[in-house]
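All letters in the sequence shown, in the order written, are residues 226 to 471 by this note's numbering.
Let me begin by presenting the structure, written as structure tokens, before commenting on it.
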Amino acid sequence: MNVGIIGCGWLGERLLSHLSDKHRMYVTIRTKRNLSTDNYYHCLEVDFDNFIPGKWQVLSDLDSIIIAIPFGRRLSVEILQNRLKNICNFIEGFNKQLFFTSSVGIYPSVNGTIDENFPIPDLQPELYFVEKYLKDKFPKINILRLGGLMGDDRYLSKYVVSEPHQKVNHIHYQDVCRVIERIMTFGLHSKTYNIVAPKHPTKQEIINHQTGIHLPLESAYGKIVTSEKVIRELDYDFLYPNPLYF
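If you want it as structure tokens, here you go:
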């Protein structure tokens, strides 16, 4: 297959490395640099915030496209609209398999379990705006709401964290890569999936495990974003089901 990745940041680069063993890869990147794969790939430098590109010249050759550009909640509506408009113009008319890597940050901070059917009025407005904009332009798009990305150089004890007794909704990047590849194999369209590790320890539990310093634990709280739908529909077994062992 010919696969395009729009946005080769932290996740996009790892998707490229994972997929390039089996697929011919075409990627866009904001600023050209050497990417961490020994396999050949086609790379185009595009800044979707400050440049209005024409249509991607290889668009008709692509079988799948993954939009892996982050859309932070702190971005203004004007920046969001401009970035989205330029991306949509870049792939205008594409009617094959399309993915968007969204975030479980779209869900509010509530106690309890959350699935993909959470009421729309309660979703985070900016992230829902992005999802809806892309869905309106490309009705067959697959929306993947990713947990906090971990693995490689990302591990929780590396960071200063707040609310240490809050449950986490993390995902190892290798599971993201494997779920996307599985959806490609199944040829699915128009799906919305939460991609989150099934286990939800607290931040403090993870930090204790990673550092070997066992600070006291208190009652856990916070939302649990469930991946039950992706487990059930894709018959998927997580490579890293527990963030304690990322």
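Yeah, the Cβ is synthetic: ideal placement off N, Cα and C, and Gly gets one too.
- Out of N467, N307, E303, the CA that lies nearest to the CA of H425 is found in N467.
- Excluding its 5 nearest sequence neighbours in each direction, V455 has C-beta neighbours in its own chain below 8 Å: V404, Y418, N419, I420, Y461, listed in chain order.
- Contact annotation: R379 and L459 have beta-carbon atoms that are not nearer than 9 Å.
- Between G318 and L284, the gap from beta carbon to beta carbon is short of 9 Å.
- DSSP assignment within the region 298 to 382 yields the following whole alpha helix (DSSP H) runs of 4 residues or more, N-terminal first: 302 to 315, 350 to 362.
- Closest in alpha carbon position to R370, among P389, I396, Y384, is I396.
- Non-local beta-carbon contacts of G229 in its own chain, meaning distances under 6 Å to residues more than five positions away in sequence, involve Y251, L287, I290 in chain order.
- Closest by C-alpha distance to T427, out of S415, P441, K416, is P441.
- Excluding residues up to 5 positions away in sequence, nothing lies with its Cβ nearer than 8 Å to the Cβ of Q282 in the same chain.
- Within the same chain, Cβ atoms closer than 7 Å to the Cβ of L269 are found at T253, the five residues on either side in sequence being excluded.
- Y398: member of the alpha helix (DSSP H) spanning 398 to 411, first to last residue.
- With fewer than 16 other beta carbons inside 10 angstroms of its own, N259 counts as exposed.
- A residue is called buried once 16 or more other Cβ atoms fall within 10 Å of its Cβ, and I432 is buried on that count.
- According to DSSP, C268 shares a beta bridge with V252.
- Spanning the alpha carbons of I368 and K360 requires a straight line of approximately 9 Å.
- Contact check for S415 and P364: beta-carbon distance about 7 Å, within the 8 Å limit, so the pair qualifies.
- Sequence-distant Cβ neighbours of T436 in its own chain, meaning closer than 8 Å and more than five residues away, are S382.
- The beta carbons of K362 and F315 sit about 11 Å from each other, so the pair does not count as a contact at 8 Å.
- In this structure, the alpha-carbon of F471 lies about 15 Å from that of K392.
- According to the DSSP assignment, I456 belongs to the alpha helix (DSSP H) that extends over 453 to 459.
- S245 has its alpha-carbon roughly 6 Å from the corresponding atom of N264.
- Less than 9 Å divides the Cβ of Y332 from the Cβ of L348.
- D272 places its beta carbon 9 Å or farther from that of R299.
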